[in-house]
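The block underneath contains the structure these notes are about, expressed in structure tokens.
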Amino acid sequence: MLYLVPTPIGNLEDITLRALRILKEADLIACEDTRTSGVLLARYEIDVPTISYHAHNERRRTADLIARMQAGQRIALVSDAGSPGISDPGFYLVRACMQHGIPVEALPGPTAIVPALTVSALPAERFVFEGFLPAKKGRRTRLEALRDESRTMVFYESPHRAAAAMRQFAEIFGPDRPAAIARELTKKFEEVQRGTTGELADLLEEKPRVRGEIVLVVAGAGVTTALWEG
Ligand code: SAM
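In this text, residue positions in the sequence shown follow our numbering: the first is 8, and each later residue adds one.
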């Protein structure tokens, strides 16, 4: 049996009672980084063996994990933060479970997408999650394909590319599109900035360096700042 267990994106209190129980009852916890997850496991006194499972060994490790589950082990998969499988390893293992008839349960829980979207003050009834844009090749093409997207768009981005990303949004979607930057969600220096893509690009470019983790949220085509009036 495989359990996909979401873990906090910053605040260690953000873990469900069920997630803690599943982790405690597991025979093995597959971690993106055993040291990172070790902090959480120590905090909740969970003393279960761990094994690394990350982007560079997932193909190799999957066969081993499948064999263990076929022998009856309960394995919990966690990533460094948030939900496994969301811009993190998970897909490959879930697909292997499907192919081998091994049941999978995905627990609901933390992910950076949802709080970034709901705090953005942008429409959240319909949205599209774009994950990370390609760092270089194909980046512009991907954004151009989104020019007429009418749903709110959510992007993960590394802090050192934040200003360039917002400038590209302003160029491709227009400088008047409402947008938001959600930084360090659930952490001590949590910060949310809202404005047009042009305003936010100026703001980010004025900063010497953007620190921490960020999610960029951009309104869909046709949405104007009139949304924030009234
Ligand atoms: N699996 C994770 C999830 O469910 O959200 C995402 C992992 S991905 C490798 C890491 C990215 O998630 C960061 O670059 C950032 O875009 C976003 N992220 C994670 N934690 C965050 C936080 N506390 N505040 C803002 N963004 C965060």
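Quick reminder that beta carbons are idealized off the backbone N, C-alpha and C, glycines included.
Taking all protein chains in view, the Cβ of Tyr51 is surrounded by fewer than 16 other Cβ atoms within 10 Å, so the residue is classified as exposed. Of the heavy atoms belonging to the ligand SAM, at least one sits nearer than 7 angstroms to the Cβ of Val222. Contact check for Pro96 and Glu65: beta-carbon distance about 5 angstroms, within the 8 angstroms limit, so the pair qualifies. Judged by their CB atoms, Phe176 and Arg184 are nearer to each other than the 8 angstroms cut-off.
For Leu124, the enclosing alpha helix (DSSP H) covers residues 120–126. Beta-bridge pairing by DSSP links Ile179 to no other residue. For Leu114, no beta strand (DSSP E) run applies, since DSSP gives it neither H nor E. Residue pairing from DSSP places Phe136 in a beta bridge opposite Val161. Exposed is the label assigned to Ser165, since fewer than 16 other Cβ atoms lie within 10 Å of its Cβ. Below 8 angstroms, too few C-beta pairs join the region 31–38 and the region 118–138 to call them touching: fewer than three.
Contact between the region 112–127 and the region 16–28 is present: 3 or more CB-CB pairs across the two stretches fall below 8 angstroms.
With a beta-carbon spacing of about 7 angstroms, Arg81 and Glu32 fall inside the 8 angstroms limit used to define contacts. Closest in alpha carbon position to Val55, among Ala152, His63, Ile29, Ala74, is Ile29.
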